[in-house]
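> This is the structure, below, for whatever I ask next.
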Amino acid sequence: MTAPTKPQPQPQSPPPSPHSSPADGSADAPHGADLHSPVIDWFDEHARDLPWRRPEAGPWGVMVSEFMLQQTPVSRVLPVYEQWLARWPRPADLAAEAPGEAVRAWGRLGYPRRALRLHGAAVAITERHGGDVPTDHAQLLALPGIGEYTAAAVASFAYGQRHAVLDTNVRRVFARAVTGVRYPPNATTAAERKLARALLPQDESTAARWAAASMELGALVCTAKNEACQRCPIAAQCAWRLAGKPEHDGPPRRGQTYAGTDRQVRGKLLAVLREAHAPVPQSVLDRVWHEPVQRARALDGLVADGLVEPLPGGLYRLPLT
DNA sequence: AATGCGTGGCG
DNA sequence: TCGCCAAGCAT
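All the letters of the first sequence, read from the start, carry residue numbers 25 to 345 under the numbering used here.
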């Protein structure tokens with residue numbers, strides 16, 4: 025599969041007029057006006073039918089999905105999401121459980137601290153918000169496990185509000201389509217936030233559609249590797265493609281090492297505890313890793329994080345409180 | 001601002 | 001095989 029358009033040396037591309045006439049009133053952002061319609065139309069036709077996008081998911085379903093999707097692919101989230109919502113259909117249902125049950129139900133999604141935080145968020149929602157996922161961005165942001173992205177995502181997807189939803193997909197789409205580079209910076213910059221705000225349609229419901237659509241475009245078409253420009257609704261206006269798709273020049277993105285790290289040991293320890301339904305003796309845990317110093321450090325870390333509860337007599341279990 | 005934090009699939 | 005990647009957050 026060769027690129028349908030060969031990168032030509034660009035003599036000097038005529039800049040698209042920043043003063044295009046807003047005939048339909050949607051041209052509120054200088055760069056973005058010509059992006060909104062194609063991306064949203066594409067979304068209307070190609071969006072995946074995901075359970076947390078259905079009306080019956082509700083704000084709680086949206087929030088649960090956002091926790092699970094932090095750094096974890098959709099395909100692995102789907103089955104756990106269904107079980108989770110069936111078991112805990114409302115925040116108060118989860119809040120009534122022991123936190124260890126949330127960690128157990130999290131299964132092998134990874135980053136199990138998210139399960140603990142989601143449980144903590146359910147408790148806070150039950151105590152402070154009468155059991156309803158708050159609608160206010162600041163109140164969402166105050167919940168454990170919810171940062172800038174997730175607060176904006178819940179407010180936008182669940183409540184249709186107007187927020188810049190800046191995740192890794194959207195950042196990549198903007199980097200390419202607008203800025204003209206292959207990858208966004210390693211960490212989110214103020215310039216990216218400013219751009220995201222500038223590109224946000226004024227109309228609230230259009231802004232919410234745009235947030236979901238631009239994210240989906242990054243997930244399905246404008247992917248990190250093997251981007252599918254031939255299927256992209258804004259390929260004709262994409263600054264990166266028009267520049268001949270130059271390679272990434274900045275510092276290499278640091279890949280997360282895993283083999284032999286504490287993270288791997290923590291994962292093995294927690295896997296044993298998830299499967300057990302009675303307190304586990306230290307001697308059983310000792311078998312998951314040969315090196316005693318690292319093993320002890322990993323276990324201590326899990327206890328410090330509240331993911332494991334130590335009991336008298338060298339026994340361990342998932343946290344009951 | 002840079003790190004640590006899981007897991008599995010894919011080229 | 002192994003490095004890269006997948007809807008981040010907290011410190």
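All C-beta atoms in this analysis are idealised placements derived from N, C-alpha and C, irrespective of residue type, glycine included.
With Y340 as the anchor, note down where its beta strand (DSSP E) starts and where it stops.
Counting along the chain, the beta strand (DSSP E) containing Y340 begins and ends at L339 to R341.
> What does P305 pair with, by DSSP beta-bridge criteria?
For P305, which the question treats as bridged, DSSP gives the partners L339.
> Can you grab the Cα-Cα spacing for the pair Q254 / W264, in whole Å?
Spanning the two alpha carbons is a distance of roughly 14 Å.
> Out of G337, G325 and D329, which one is the CA nearest neighbour of S307?
Measuring from the Cα of S307, the nearest candidate turns out to be G337.
> Mind reading off the beta-carbon distance from R278 to L326? Whole number of angstroms is fine, and I expect it under 8 Å.
At roughly 25 Å, the Cβ-Cβ gap does not stay under 8 Å, so R278 and L326 are not in contact.
> Compare the beta carbon distance of R298 and A248 with 8 Å and say whether it is the shorter of the two.
No, the Cβ-Cβ distance between R298 and A248 is not below 8 Å.
> Does at least one heavy atom of the ligand ZN sit under 7 Å from the Cβ of A320?
Judged by which ligands are present, the structure shown has none, so any question about the ligand ZN falls away.
> Going by beta-carbon coordinates alone, are A215 and A188 separated by less than 8 Å?
Going by C-beta atoms, A215 is not nearer than 8 Å to A188.
> Would you call A260 buried or exposed, if buried means 16 or more other Cβ atoms sit within 10 Å of its Cβ?
Looking at its Cβ environment, which holds fewer than 16 other Cβ atoms inside 10 Å, A260 is exposed.
> Could you check whether A237 and V63 sit closer than 8 Å to each other, using their CB atoms as the reference points?
Taking 8 Å as the Cβ cut-off, V63 and A237 qualify as a contacting pair.
> Can you look up E271 in the DSSP assignment and give me helix, strand or coil?
Coil at E271, not helix or strand.
> For H301 and A199, what's the separation of their Cα atoms in angstroms?
Cα-Cα distance, rounded: 48 Å.
> With 16 other CB atoms within 10 Å as the buried threshold, where does T174 fall?
T174 should be labelled buried.
> Kindly indicate which three-state DSSP category E172 falls into: helix, strand or coil?
Three-state DSSP puts E172 in a helix.
> Figure out for me which residue from P115, G242, E240 and D310 has the closest Cα to the Cα of P158.
Out of P115, G242, E240 and D310, P115 has the C-alpha closest to the C-alpha of P158.
> Using a Cβ-Cβ cut-off of 6 Å (strictly less than) and excluding sequence neighbours within five positions of T345, which residues of its own chain qualify?
Here the set comprises nothing.
> Tell me the DSSP bridge mates of E333?
For E333, which the question treats as bridged, DSSP gives the partners R341.
> How is A248 classed by DSSP in three states: helix, strand or coil?
In this structure, A248 counts as coil in the three-state DSSP scheme.
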